[in-house]
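Colleague:
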Amino acid sequence: MKILLVISEAPPVKSGIARVADKLSRGLRAQGHHVDILSLQDVPRVEWGEIRLSSMPLKLPHLKERFREYDLIHLHGPVPTFSDVFLLWGLRGLGPARPRLVYTYHAPIDLRSFPLLFLTWPYNKLQEWLARLADHVVVTTPAYRQRLSRYVPPQKLSVIPWGVDFERFVAPVEKDGPFTVVFLGQLRPYKGLPVLLEACAGLPDVRLWVIGNGHGAEAYRRRADELGLENVTFWGSLPDEAMIHRLQEAHVLVLPSLTRSEAFGIALLEGMAAGCVPVASHLPGVADVVGNEGFTFPAGDVQALREVLTRLRDDVPLRVHLASLAQAKARLYPWERAVFGYERVFSRLVTRPLAVPSVIPVELPRRVELPEIV
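Numbering (the numbering used here), first residue to last: 43 to 416.
(1) I want to check one thing, is the minimum distance from the CB of Gly317 to the heavy atoms of the ligand HEM below 7 Å?
(2) Does the distance from the CB of Val328 to the CB of Ala241 come in under 8 Å?
(3) Quickly, what does DSSP pair Trp251 with across the bridge? List them, please.
(4) How is the beta strand (DSSP E) around Ala243 delimited, first residue to last?
(5) Check whether the Cβ atoms of Val144 and Ser50 sit closer than 8 Å, and answer yes or no.
(6) Just list the residues that DSSP pairs Phe339 with in beta bridges.
(7) Going along the chain, which residues of its own chain have a beta-carbon closer than 6 Å to the beta-carbon of Gly234, five neighbours each way excluded?
(8) From what residue to what residue does the beta strand (DSSP E) around Asp78 run?
(9) Which residues does DSSP list as the beta-bridge partners of Leu47?
(10) What's the call for Pro184, buried or exposed, on a 16-neighbour Cβ count within 10 Å?
(11) Can you tell me which residues form a DSSP beta bridge with Arg142?
(12) Give me the residue from Gly132, His104 and Pro103 with the minimum Cα distance to Ile115.
(13) Check whether chain B comes within 8 Å of Gly234, counting only Cβ atoms and requiring the distance to be less than that.
(14) What are the start and end residues of the alpha helix (DSSP H) that includes His178?
(15) Pick out whichever of Gln369, Val248, Ser323 and Gly135 has its Cα sitting closest to the Cα of Ser303.
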């Protein structure tokens, strides 16, 4: 099967979305499929803070003829001016022999700044309505299946959660050393790192590690200084092996996200596999991942988060018990499960003969070529 993966971020970018692109493309290639990737890195864009607008509307006419050579296109969204444009016009005019379209819906756009706040609700309703234009829609948690079921028939809607390389992350749940809390993710406003910094400011005996980078890194360092945090370390963006080692040493992984832009939280599964207790804001999708194996707290509630961390610091038997349950849960989510789920959806849709690859002189802007799994 010849597949085009259309996604906002892909390697070498480090993010949850980029990890999805990596794992799905590697896994599908290992099963004998041809996978190309088209991302926002390939399509020029403009950015104003958290607002990112792509040039997809201008590039689409040029790309359309290339789409014919694929059996299936796997689109991820919502991404304004990217996934929405693709759903509306990406395959229009290609006729009945067009590629099948699978749309993975991650989470609604959730912008809180004025005046974008007033555009968020109508845009999300439009995105949910547009989802039914795809041949099949995939979400990662039951919470978002319920949300999209108002627009997408049940036979066209599947739940396929993301995964974790369990054996790579696994570590003992009984850990030595000072009580350590870790944050893993991009340093972007919606990730809510200031909430965690303020919660730890009232807990001087808690060691905090921040792993990740972003435009706000320097501002967060200044905020930690203002709060008088002496036990916080900003590691920046670490190589995978160093990041895994830090998770294996930590006791708790916190995902203090503020908005529904946090759809699933792959970092939660990685921390759970490494023997950390998961603690996260109570948000759709994220709460499904944490389940009964950790704690959730109201988004933005510093005091509630501080109380959770205090309890996990002081109650070692509870901490070890929850870490053990969380690790057992993470074992149930190998990346192979996600790859198999998508391959099954793709195979059901692609019933026509496989397209014969043709030699076309015009290339996609750039393809991210990933090494095959040996």
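Note that beta-carbon positions come from the ideal geometry of N, C-alpha and C, so glycine has one too.
Modeller: On the basis of the coordinates in this document:
(1) For the structure depicted, the ligand HEM is absent and the ligand set is empty, with no information on it obtainable.
(2) By 1-based counting over the sequence shown, the position of residue 328 is 286. By 1-based counting over the sequence shown, the position of residue 241 is 199. No.
(3) Taking the sequence shown and counting its residues from 1, the one referred to as residue 251 is at position 209. Per DSSP, Val224 and Thr275.
(4) Counting from 1 along the sequence shown, the entry for residue 243 is found at position 201. First-last for Ala243: Leu235 to Ala243, but that is the alpha helix (DSSP H), not the beta strand (DSSP E).
(5) Within the sequence shown, the letter at position 102 stands for residue 144. Within the sequence shown, the letter at position 8 stands for residue 50. At a Cβ-Cβ threshold of 8 Å, Val144 and Ser50 do not count as neighbours.
(6) Counted from its first residue, the sequence shown places residue 339 at position 297. Bridge partners of Phe339: Ser323.
(7) In the sequence shown, the residue the question calls residue 234 occupies position 192. Counting only Cβ-Cβ distances below 6 Å, and skipping sequence neighbours, we find Pro298, Ser299 and Leu300.
(8) Translated into positions along the sequence shown, residue 78 becomes position 36. Here the beta strand (DSSP E) through Asp78 covers His76 to Ser81.
(9) On the sequence shown, residue 47 is found 5 positions in, with the first residue counted as 1. Paired residue(s): Ile79 and His116.
(10) Looking up residue 184 in the sequence shown gives position 142. Label assigned to Pro184: exposed.
(11) For the purposes of this step, residue 142 is identified with residue 100 of the sequence shown, where counting begins at 1. Arg142 is bridged to Leu114.
(12) Residue 115 sits at position 73 when you count from the first residue of the sequence shown. Ranking Gly132, His104 and Pro103 by Cα distance to Ile115 puts Gly132 first.
(13) The chain labelled as chain B is not found in the depicted structure, where only one protein chain is given.
(14) Position 136 of the sequence shown, counted from the first residue, corresponds to residue 178. DSSP places His178 outside any alpha helix (DSSP H); the residue lies instead in the beta strand (DSSP E), whose first and last residues are His178 to Val181.
(15) Stepping through the sequence shown from its first residue, residue 303 is reached at position 261. If you compare the alpha carbons of Gln369, Val248, Ser323 and Gly135 with that of Ser303, the shortest gap goes to Ser323.
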